[in-house]
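Asks:
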Amino acid sequence: MILNNLHIWDGVAADLHGDFDAMEIKDGRIQRLLRSDAVGDAAGRDMGGLFVIPGLIDAHVHMCLDPEIKDPFEQGQYSVTEQLAKIEDRAVRMLAAGITTARDLGGGNWLELVVRDKINAGDLLATRLLCAGQPITSVQGHCHFWGGEAADLAEALVVLERQLEHQVDLIKVMATGGNLTPGSTPANAQFDRATLARIVEVATSNKRLVAAHCHGTTGIANAASAGVSTIEHCSWVGANGWGQDYDPVAVADMVANQVRVSPTINAGWKRYIGSPAFEARMMANLEKIQQAGVQLIASTDAGIPGVYHHHLPLAIPVMAHFAGLTPVRALRAATSDCAAAIGLGAEVGRIQPGYCADMVFYASNPLLDLDVLASPAAVMARGRFSA
Ligand SMILES: [Zn+2]
């Protein structure tokens, strides 16, 4: 299939492609970039001048969670068949919104992996999923109801091994407490450095990356020094509250270990714009880590109350606001940079020969206005147009 008459952004460059406006897609991959005037009229499909970018990537979702349910203990009230149908429905809606890849950072019963496999087999046209399964957490710790409780290193490795048996794509560890879990304290670290370092070592030897949930500063510092691949949230919670306990030593470890920050800024953060204390604190922290050399990637934590799975396109302009990103940098954080952070940097996130044909098309240029992302004109996953 040849697509003609496009404006192409490759996922990396500072601007649209100057040389090519067409591409050939074969076996689900981008075969080559071309010029429309070099393609015979009959051979190509006229895309009418649409703007095309690599499909968007959300680095942090929970496919099993219904964002309309506030109490996590009520999430399991559906039958397995019903839950699978809901996960499939979410993945289909995400794709229609332009999200071609998402990383699932936790659930209790591996149902999202069933849907992942169905999508990978080509039996469901939906968002490509990478799945972590049960997060490793402390006893009664954050999201312990998902079954990944571990009292010590030995038990943590048992949980890790169980995820490998279930064919997870990566390992998730709760390095601090969290908000979703009654009795859990976001500021507190759940594991020490040595334990996290060993978890990373074992995961790495099994070719798995580690994502670490971190609100409190001690947990952030532990995870950064252990060399996890991504720090989720990175809320800098200390004795004085959220965003108040920035630690430059932890940030230096992030840079040294190439740890990316996934700040889980969802579309609902719009409500904080203009709220002077929170907004200024967040902006200052995000500016400091970027100036130190830490890369940000796009993520929403979709599935938690009020955060919808298909809303990443609405979250990207909000992330750009809080992180002080130009549109092109925000788009890299949601395409090529995000792909590299989650281990798919040679597969998705770019429009280049050899990459998967995961793309989203818009009527106007998202490099000039991120609000364009809310209204895709068409979406392609693995070379197939989504309905
Ligand atoms: Zn989460």
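With numbering that gives the first Met the number 0, the residue at position 218 of the sequence shown is 217, and numbering never jumps.
For glycine and all other residues, C-beta sits at the position ideal for the given N, C-alpha and C.
Please specify which runs of the beta strand (DSSP E), each continuous and at least 3 residues long, are wholly inside the region 139-214, giving them in chain order.
Replies: Entirely contained in the region 139-214, the beta strand (DSSP E) runs reaching 3 residues are, in chain order, 169-173.
Asks: What do you reckon, are the CB atoms on M397 and Q189 nearer than 8 Å?
Replies: This structure leaves residue 397 out entirely; the chain is present only between 0 and 386.
Asks: What's the call for E111, buried or exposed, on a 16-neighbour Cβ count within 10 Å?
Replies: Under this definition E111 is a buried residue.
Asks: What distance in whole Å lies between the Cβ atoms of M62 and G97, which are believed to be in contact at a cut-off of 8 Å?
Replies: Not really, about 17 Å apart at Cβ, beyond 8 Å.
Asks: Can you tell me which of the three DSSP states K69 falls into?
Replies: Note: K69 maps to coil in three-state DSSP.
Asks: Give the range of the alpha helix (DSSP H) segment to which P262 is assigned.
Replies: Unbroken run through P262: none, as it is neither H nor E.
Asks: A301 bridges to which residues according to DSSP?
Replies: Answer is V60 and I303.
Asks: Assuming K25 is part of the beta strand (DSSP E), what are its boundary residues?
Replies: A21 to K25 is the extent of the beta strand (DSSP E) around K25.
Asks: Measure the C-alpha to C-alpha separation of E278 and W268 and round it to an integer number of angstroms.
Replies: In a straight line, the C-alpha of E278 is about 9 Å away from that of W268.
Asks: With DSSP as the reference, please indicate the residues paired to H397 in a beta bridge.
Replies: Nothing can be reported for residue 397, as the shown portion of the chain is limited to 0 through 386.
Asks: A101 bridges to which residues according to DSSP?
Replies: BP columns for A101 point to D57 and L128.
Asks: With distances taken Cα to Cα, identify the nearest neighbour of I52 among S137, K171, S298 and L5.
Replies: Of S137, K171, S298 and L5, the residue nearest in Cα terms is L5.
Asks: Taking H308 as part of the beta strand (DSSP E), name the residues at either end of that continuous run.
Replies: First-last for H308: undefined, no H or E at that position.
Asks: Could you give the DSSP three-state label for V11: helix, strand or coil?
Replies: Residue state, collapsed to three classes: coil.
Asks: Quick one: Cα of Q139 to Cα of P185, how far?
Replies: Cα to Cα, Q139 sits roughly 13 Å from P185.
Asks: Just verifying my parser: in three-state terms, what is the DSSP assignment at Y271?
Replies: In this structure, Y271 counts as helix in the three-state DSSP scheme.
Asks: Just grab the DSSP bridge partners of V359 for me.
Replies: DSSP output for V359 lists I52 and V378 as bridge partner(s).
Asks: Chain C beta carbons: is any one of them nearer than 8 Å to that of A266?
Replies: Looking for chain C here will not work: only one protein chain is present.
Asks: Among residues of its own chain, excluding the 5 on either side of L313, which ones have a beta-carbon nearer than 7 Å to its beta-carbon?
Replies: Closer than 7 Å at the Cβ level, and outside the excluded window around L313, lie A266 and A373.
Asks: So, under 8 Å CB-CB, D300 and G54 are touching, yes? Tell me the CB distance rounded to an integer number of Å.
Replies: Actually they are not in contact, since the Cβ atoms of D300 and G54 sit about 20 Å apart, beyond 8 Å.
Asks: Is N119 buried or exposed, if buried means 16 or more other CB atoms sit within 10 Å of its CB?
Replies: It counts as exposed.
Asks: Measuring alpha carbon to alpha carbon, tell me which residue in F360, F72 and A332 is nearest V378.
Replies: V378 has its Cα closest to that of F360, out of F360, F72 and A332.
Asks: Which of helix, strand or coil does DSSP assign to R349?
Replies: Coil at R349, not helix or strand.
Asks: Leaving aside the five residues before and after V158 along the sequence, list all residues of the same chain whose C-beta is less than 6 Å from its C-beta, in chain order.
Replies: Excluding residues within five positions, the ones whose Cβ falls inside 6 Å are I135, G147 and A149.
Asks: Looking at R349: is its Cβ nearer than 8 Å to the Cβ of D18?
Replies: Contact flag unset, no.
Asks: Which partner residues does T136 have in the DSSP bridge list?
Replies: In the DSSP output, where bridge partners are listed per residue, T136 has E148.
Asks: Under a three-way DSSP split, which group does Q30 fall into?
Replies: In this structure, Q30 counts as strand in the three-state DSSP scheme.
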